[in-house]
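Trainee: Numbering (UniProt numbering), first residue to last: 1 to 244.
1. Between the C-alpha atoms of residue 56 and residue 151, what's the straight-line distance to the nearest angstrom?
2. What number of angstroms, rounded off, separates the C-alpha of residue 141 from the C-alpha of residue 185?
3. Which residues in the same chain as residue 2 place their Cβ atom closer than 6 Å to its Cβ, once the five residues preceding and following it in sequence are excluded?
4. Kindly indicate which three-state DSSP category residue 171 falls into: helix, strand or coil?
5. Quick check on DSSP: helix, strand or coil for residue 153?
6. On the criterion of 16 or more Cβ atoms from any shown chain inside 10 Å, does residue 97 qualify as buried, or is it exposed?
7. Comparing alpha-carbon positions, which option in 65, 12 and 11 lies nearest residue 33?
8. What do you get for residue 76, buried or exposed, if any count of 16 or more other CB atoms within 10 angstroms of its CB means buried?
9. Is the beta carbon of residue 52 sitting closer than 8 Å to the one on residue 11?
10. Which residue marks the beginning of the alpha helix (DSSP H) containing residue 209, and which one marks its end?
11. Out of curiosity, what's the CA-to-CA distance linking residue 22 and residue 58?
12. Here's the rule I'm using: 16 or more other beta-carbon atoms within 10 Å means buried, otherwise exposed. How should residue 111 be labelled?
13. Which residues in the same chain have their Cβ closer than 7 Å to the Cβ of residue 37, if we skip the five residues on either side of it in sequence?
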């Protein structure tokens, strides 16, 4: 997958581009709106990551200009967390809106989601068994990261909820509760059982990300050398004496 990263901060752009390439993606970067439009034509990316803090042009205008060129998915990234900014970007053609600072895993998941939603139907869609619609019952067991509950689909990997095929945004806590209930269709769960289900899922997810998060933590705290490297597979904070 090739991504066009439109980011005015060069340090952020370089770091993000390197992180994306480490994940097996190709990143082309632009720091201005003019450069972004040029790369959009030449590089033909699969998706655009557009920051709203461009200095050479209005980023909202650029969002609309990119949308006018075609259907390439646009994921807006911004430090602005107000509802108005998000709505304006979506109205101008953005496919998603992600507030900084964001988690790289979430950025990748949201990018995959918008690319998947904009992908044309493959050969399998034209022949063979039809894909079930949002309100259809499914006889086969769904993938483990996709929970089906009547007209609602809960995508655990992308943390996306679809109701009758339309994405519905939920706060993290409400998503976790819905996922816990959807994992046990037909069962009546107490509040304590719901908490247990949420903690179990979060524990597995956190366990998978601990090494990467600790590596980032060690880098942030590098001058202090506070966190030991896991040469023995164990992590620890160095013992220090009392403050003077």
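Idealized CB from N, CA, C, for every residue including glycine.
Computed from a predicted model, the values in this text were never measured in an experiment.
Mentor: On the basis of the supplied data:
1. Each residue's Cα considered, the two are about 45 Å apart.
2. Unreliable placement is indicated for residue 141, whose pLDDT of 42 sits below 50; no coordinate value is reported for it.
3. Here residue 2 has 26, 45 and 46 as same chain residues with Cβ atoms under 6 Å from its own Cβ, once five neighbours each way along the sequence are excluded.
4. DSSP places residue 171 in coil when its eight states are reduced to three.
5. Three-state result, residue 153: strand.
6. When all chains shown are included, residue 97 counts as buried.
7. The residue with the shortest Cα to Cα distance from residue 33 is 65.
8. That one is buried.
9. No, Cβ-Cβ distance for residue 52 and residue 11 is not below 8 Å.
10. In this chain, the alpha helix (DSSP H) harbouring residue 209 covers 191–220.
11. For residue 22 and residue 58, the distance between alpha carbons rounds to 31 Å.
12. Flag for residue 111 reads buried.
13. The beta carbon of residue 37 sits closer than 7 Å to the beta carbons of 65 from its chain, once the five residues preceding and following it are set aside; these are given in chain order.
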